[in-house]
Structure formats: C-alpha cells, structure tokens
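Enquirer:
Number of protein chains: 2
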Amino acid sequence: MAESGREQRRAATVAEIKAAARRLLISGGTAAIGLRAVARELGLTPPALYRYYPSHEALVGALIADLYDELTAALMDLQNTDEAADLGARLYLLANGLRDWGLANPAEFALLFGTAVPSPDAPDHEETVGHQAAMRFGSLFKELVAQIWHWQPFPYPPDEQLGVELVEHLTQESEHFGGMPAGAIYLSLTFWTRLYGLICMEVFGQLHWVLPDATAYFEAQLYEIGLALGLDCPAPE
Amino acid sequence: MAESGREQRRAATVAEIKAAARRLLISGGTAAIGLRAVARELGLTPPALYRYYPSHEALVGALIADLYDELTAALMDLQNTDEAADLGARLYLLANGLRDWGLANPAEFALLFGTAVPSPDAPDHEETVGHQAAMRFGSLFKELVAQIWHWQPFPYPPDEQLGVELVEHLTQESEHFGGMPAGAIYLSLTFWTRLYGLICMEVFGQLHWVLPDATAYFEAQLYEIGLALGLDCPAPE
DNA sequence: GAAGTAGAGTGAACAGCGTTAACAGTTAAC
DNA sequence: GTTAACTGTTAACGCTGTTCACTCTACTTC
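As they're listed, the protein sequences go chains A and B.
Here this note's numbering is used: position 120 in the first sequence is 153, and no number is missing along the way.
Here this note's numbering is used: position 195 in the second sequence is 228, and no number is missing along the way.
#1: Where are the beta strand (DSSP E) runs, 3 residues long or more, that stay fully inside the region 146–225 of chain B, in chain order?
#2: If we count the other Cβ atoms within 10 Å of its Cβ and call it buried at 16 or more, is Trp-134 of chain A buried or exposed?
#3: Check the C-beta distance from Ala-143 of chain B over to Thr-63 of chain B and give it rounded, since I have them as a contact under 8 Å.
#4: Please report how far the alpha carbon of Ala-70 of chain B lies from the alpha carbon of Gln-194 of chain A, in whole angstroms.
#5: List the residues of chain B that Met-234 of chain A touches, going by C-beta distances under 8 Å, in chain order.
#6: At what residue ranges does the region 103–152 of chain A contain a whole run of the alpha helix (DSSP H), taking only runs of 4 or more?
#7: Just mark Met-213 of chain B as buried or exposed, buried being the case when its beta carbon has 16 or more other beta carbons within 10 Å.
#8: Whose C-beta lies closer than 6 Å to the C-beta of Thr-204 of chain A among residues of the same chain, with five residues either side of it excluded?
#9: Is there a C-beta anywhere in chain B that falls below 8 Å from the one on Gly-171 of chain A?
#10: Kindly indicate which three-state DSSP category Ile-66 of chain B falls into: helix, strand or coil?
#11: Taking C-beta to C-beta, are Tyr-99 of chain A and Lys-51 of chain A nearer than 8 Å?
#12: Closest Cβ-Cβ distance between Gln-254 of chain B and chain A: below 8 Å?
#13: Looking at chain A, which residues of the region 179–198 of chain B have a Cβ within less than 8 Å of any of its Cβ atoms?
#14: Please classify Ala-247 of chain B: does DSSP put it in a helix, a strand, or coil?
#15: Under the rule that 16 or more other beta-carbon atoms within 10 Å means buried, what is Ala-35 of chain B, buried or exposed?
#16: Could you check whether Leu-92 of chain A and Tyr-86 of chain A sit closer than 8 Å to each other, using their CB atoms as the reference points?
#17: In three-state terms, what does DSSP make of His-241 of chain B?
#18: Check for me: the alpha helix (DSSP H) holding Arg-84 of chain A runs from which residue to which?
#19: Which term fits Val-197 of chain A, buried or exposed, when burial requires 16 or more other beta carbons within 10 angstroms of its beta carbon?
#20: Taking only three categories from DSSP, how would you classify Asp-99 of chain A?
#21: State the Cα-Cα distance for the pair Gly-277 of chain B and Ser-60 of chain A, rounded to the nearest angstrom.
#22: Taking just the CA atoms, how far does Leu-255 of chain A sit from Gln-165 of chain B?
#23: Once the 5 residues before and after Arg-123 of chain B are set aside, which same chain residues still bring their CB inside 7 Å of it?
#24: Using the C-alpha atoms, what's the distance from Gly-171 of chain B back to Ser-207 of chain B?
#25: Taking Leu-75 of chain B as the reference, give the member of B:Ala-53, B:Ser-88, B:Leu-58 and B:Leu-57 with the closest Cα.
#26: Cβ atoms of Phe-224 of chain B and Ile-218 of chain B: under 8 Å apart, would you say?
#27: Would you report the Cα separation of Arg-56 of chain A and Ile-97 of chain A, rounded to the nearest angstrom?
#28: Can you tell me whether Leu-273 of chain A is helix, strand or coil according to DSSP?
#29: Using a Cβ-Cβ cutoff of less than 7 Å, which residues in the same chain neighbour Ala-48 of chain A once the five nearest sequence positions on both sides are dropped?
#30: Drop a sphere of 10 angstroms on the beta-carbon of Cys-121 of chain B, count the other beta-carbons inside from all chains shown, and report buried for 16 or more, exposed for fewer.
#31: Give the DSSP-derived three-state secondary structure of Gly-94 of chain A in the structure shown.
#32: Classify Leu-77 of chain B as helix, strand or coil using the three-state DSSP reduction.
#33: Looking at the structure shown, is Ser-88 of chain B part of a helix, part of a strand, or coil, going by DSSP?
#34: Find the residues of chain B that neighbour Glu-206 of chain A, judging by a C-beta separation of less than 7 Å, and give them in chain order.
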C-alpha cells in the first residue's frame with residue numbers, strides 16, 4: 034500500500050539519479066559528480082534535481098549512505114555464506130572482503146574513506162544519513178570482535194602496560210564492545226587501525242612506490258594482526 | 034648575480050602567492066584555494082596569476098611541494114638538534130615529529146596525505162614537483178631505517194615465513210634500503226605502514242568515535258612498533 | 001641617452017558550476 | 001470536476017578557471 038504510481042515513479046527516479054551519480058563517480062572520480070552532469074546523464078535540466086534533493090551536497094550524501102549500506106550488506110553476506118565458518122574465520126572474511134571491495138571499487142572507496150575532513154564547521158554532522166550508515170558499517174566490526182571475545186577470549190595486555198589514561202578512555206567504550214576489558218579493546222582497536230590503514234594505503238596507491246602488488250604483503254600483515262586476537266587460520270602458505 | 038631587481042620582485046610575488054594560498058588552505062580547507070580567491074587576497078586580478086603559474090593546478094602543486102619540503106626540513110632539524118641521540122631515538126623523533134606536524138597543521142596535512150587519488154589518468158605524474166618533494170620526504174625514513182639496520186641489526190622473519198612472492202618484491206627494493214634483507218625491509222615497511230595509517234586516522238578524525246584524545250594510544254602503538262625494530266627507548270611510563 | 005622589447009598587470013569575455021525564481025503541464029485527491 | 005500537489009521547464013544570478021587583447025612599466029641594447 035501507499036505505493037501509488039507516483040511514489041513508485043519517484044522512487045525509480047531517485048534510484049536513477051544515484052545510479053547516474055555513481056556512474057560519474059566511477060568514470061571521473063569524486064569531483065565528477067556534478068549536479069549538472071547528473072542532470073545531463075538523465076536527460077533532465079539541473080533544477081529538476083532539486084525536486085529530489087535540496088542541494089548537491091545532499092545528493093552526494095545520499096550516494097555515500099547508499100554505498101556504505103551496499104558495502105555493509107556485501108560484508109554481511111560474505112559472512113553468512115559460510116555458515117560453518119567459525120567466528121575467527123569470519124573476521125578474516127570481513128577483512129578480505131573490505132579490501133576486495135576497495136580494490137574493485139576504488140572510486141567509491143575514495144568517496145567513503147578518503148579524507149573524512151576534520152571539519153568542525155558542521156555541528157550537525159552526526160545526523161547525516163552518511164554518518165549513520167557509517168556507524169552501521171562500524172558496528173559490523175565491533176560486534177564481530179565482541180562475539181569473538183566471548184567465544185574464545187584472547188590474552189590481552191594488563192592495564193599497567195597501557196597506562197592509566199589510555200585504560201580510562203578504552204573502558205568508556207567497553208559497553209560498545211560487549212563489556213570487554215581495556216586491554217582486549219586495545220587489541221581490537223589495533224586490529225582495526227592496522228587493517229584500515231593498510232587497505233587505505235593500498236587502494237589509494239600509496240604503497241606502489243615499494244610494492245606494485247601488495248597482495249602478499251596484505252596477507253602477511255593480516256595473519257600477523259590476527260594472531261594478536263588469538264586467531265590462527267590462514268597461514269601464508 | 035642574476036638577482037636583478039625584476040627577478041627578485043618576481044620571487045617575492047611567488048612567495049606571496051603561496052603564502053596567500055596557504056592562508057586560504059588553513060582557514061577554509063583544500064577547496065578554499067581558489068585561483069580567484071588567491072588573486073583577491075593579493076589585490077590582483079585573476080589573470081595576473083597566470084604570469085606565475087600556468088594553471089590553478091600548478092599553483093596548488095607548487096604549494097604541495099613547498100609543504101613537503103617544509104615538513105622534511107622540520108623533521109631533519111628535529112633529528113639534528115639532539116646530536117647525542119642515537120639512531121633509535123631519532124626514529125622516535127621522526128615519528129613524533131610527523132604526528133605533531135600533522136596535528137598542528139591539519140589542513141596542510143590533508144593536502145599532502147589526504148586521498149592521493151589513484152588516478153592513472155596522469156601518466157606524467159612522476160615528474161610533478163610535488164611528487165619529487167614527496168620522494169625526498171620518503172627518503173628521510175628509508176635512509177634512517179637503513180642506518181639503524183647497519184648500526185644495530187634487528188632480528189627479522191625468515192624468508193619462508195613471508196612467502197616467495199613477497200620476498201621477491203621486497204628484495205627488489207633492497208638497494209633503496211642499504212642492502213637490507215627482505216625480512217628486515219618487511220619490518221621497516223610495517224613500521225612505516227602502521228605509523229602512517231595511525232597518524233592519518235588521528236589527524237583526519239577517524240579515531241574520534243572511540244578515542245577523543247588518541248595521544249596515549251599513539252604512544253602505546255609507537256612503542257609497540259618500535260620493538261619490532263629492536264628499539265626500546267620510551268616505555269609508556 | 002633613445003629605441004626596442006620583454007614582463008607584469010588590467011578589463012572583457014567564455015564556458016562551466018550550484019542555485020533560485022517564476023512559470024507550465026500532468027496527475028492524484030476530494 | 002475542480003483543486004491541489006507534483007514534476008518539469010526557462011531564465012537568470014553569482015561563482016569558478018581560463019583566454020585574449022590591450023596598456024604600462026622597467027630593463028636591455030645599440
């Protein structure tokens with residue numbers, strides 16, 4: 034119900050707009066997603082797009098949210114295909130899946146993760162659809178790590194080694210990590226930090242100067258950072 | 034000689050242009066470095082800038098090269114102030130110096146290291162002044178690591194652990210690392226990868242959602258990745 | 001020292017951009 | 001069947017990077 038002919042048509046147009054925007058993104062990079070260019074792609078005049086988005090920024094924001102959701106769904110699917118896979122294997126699936134998605138869709142990856150702008154000029158940034166989608170994406174990792182912890186707790190550094198300040202910060206995040214202790218959160222954060230940095234550098238070509246193909250390096254690193262979480266699945270041959 | 038009044042005046046104007054561009058960068062981010070905005074800042078008309086740079090892109094490129102050189106010089110100074118510091122301590126100075134520079138100059142840092150665009154559309158990218166300055170910056174790290182290796186060789190993973198493919202890639206870079214073996218280059222690359230990723234994430238605010246102040250986390254991580262290179266300087270209290 | 005020339009800057013203009021306003025045609029609702 | 005909402009258009013504004021033709025100044029050369 035409520036799917037009257039007009040609403041249906043509108044939803045289709047919105048989808049076409051985002052599809053055109055994505056096409057432009059892929060072929061010409063982030064800067065190519067022009068409002069006029071999108072309109073041209075659909076055979077419309079530029080002002081027509083304002084019936085669907087209040088600004089160019091909102092249009093790009095909607096595309097960002099869509100891409101986050103697509104990535105999140107793809108990673109969830111990947112984990113659920115191997116029902117038999119244990120939680121550790123799922124983390125490797127997630128890590129490899131994120132990398133593969135980034136390498137397969139570098140333009141989209143750059144839009145999502147390239148220079149998230151430390152602009153404090155937008156105080157309502159938290160309410161952006163893109164930001165919310167990013168949070169949903171981040172939860173994927175946090176929840177899986179928490180599950181791994183409760184399934185097979187891994188050894189973690191004692192509080193004294195981390196220092197009081199860091200322990201205090203990490204403990205505040207404990208509720209988001211299923212009540213894990215500071216040291217375990219520290220290891221999880223290390224995992225995410227290393228994985229994220231590694232993938233960004235590879236996708237953005239900042240590893241080319243030393244490694245034309247970073248696949249082997251990535252696998253070695255992934256194995257290494259998985260060890261810290263008590264995982265020992267895919268040894269590099 | 035050859036520093037006639039006209040050339041002197043020209044050099045001064047070039048400096049003013051880049052200073053104005055940097056001012057705009059700081060106050061309004063990368064997108065604020067407009068050609069017209071720079072001209073406005075100097076009290077000139079836009080076409081006048083074309084006497085100094087062939088395009089807006091070239092102007093920004095010159096600024097990028099300048100910033101790389103400034104950063105490189107700052108890090109070299111930092112290392113040379115403590116003449117007594119051993120090579121290991123210098124690496125920590127370099128790492129902390131890079132982080133401090135990024136936190137103190139986030140806009141400049143974003144211009145240099147934010148989304149280096151995996152665009153294969155510019156085949157002559159290698160000849161850019163910015164690219165050359167980036168290489169000089171990269172040499173800082175490579176040379177220091179090679180010095181550390183020859184000063185105090187650290188244990189490194191055997192070739193069998195890395196896999197033949199990765200060893201082959203790393204060995205090709207051996208000449209740039211003072212003849213270090215593959216495993217030692219691997220550890221050095223790991224150091225750089227983790228350091229770079231960590232600083233980028235902190236400066237770009239991608240750690241805020243879990244750590245409002247990442248100082249303690251950075252110090253713990255730096256200590257950790259220094260251990261792999263046989264360094265054991267600044268234990269976190 | 002006068003003539004010639006290269007450099008530095010201006011004003012007008014072009015194509016492209018995001019955006020707004022006023023206006024038409026179609027489609028759903030009461 | 002009349003109204004109202006929705007979708008689209010045309011025209012225009014101010015902004016951007018860039019080019020062209022022009023002027024004026026300062027240095028070079030004879």
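Glycine is no exception: its CB is placed at the ideal position from the N, C-alpha and C atoms.
Expert: If we stick to the structure as given:
#1: none
#2: buried
#3: 6 Å
#4: 51 Å
#5: Thr-226, Tyr-229 and Gly-230
#6: 120–137 and 139–146
#7: buried
#8: Ala-215
#9: yes
#10: coil
#11: Checking the sequence, you will find Asp at residue 99 of chain A rather than Tyr. Yes.
#12: Judged by the 8 Å Cβ criterion, Gln-254 of chain B is in contact with chain A.
#13: Gln-194, Leu-195, Gly-196 and Glu-198
#14: coil
#15: Interpretation of Ala-35 of chain B is limited by its pLDDT of 45, a score under 50 that renders its predicted location unreliable; the figure taken from the coordinates is listed afterwards. Label assigned to Ala-35 of chain B: exposed.
#16: yes
#17: Here His-241 of chain B sits in coil by DSSP.
#18: Neither: Arg-84 of chain A is in no alpha helix (DSSP H) and is coded neither H nor E.
#19: exposed
#20: helix
#21: Lying outside 34 to 270, the shown extent of chain B, residue 277 of chain B is not represented and no answer is given.
#22: 31 Å
#23: Gln-112 and Leu-177, listed in sequence order.
#24: 15 Å
#25: B:Ala-53
#26: Taking 8 Å as the Cβ cut-off, Ile-218 of chain B and Phe-224 of chain B do not qualify as a contacting pair.
#27: 13 Å
#28: Residue 273 of chain A cannot be examined here, being either before or after the span of chain A that is shown, 34 to 270.
#29: none
#30: For clarity, residue 121 of chain B is Gly in the given sequence; the question names Cys instead. That one is buried.
#31: Looking at Gly-94 of chain A - three-state DSSP - the assignment turns out to be helix.
#32: coil
#33: coil
#34: Taking a Cβ-Cβ threshold of 7 Å, the residues of chain B close to Glu-206 of chain A are Val-243, in chain order.
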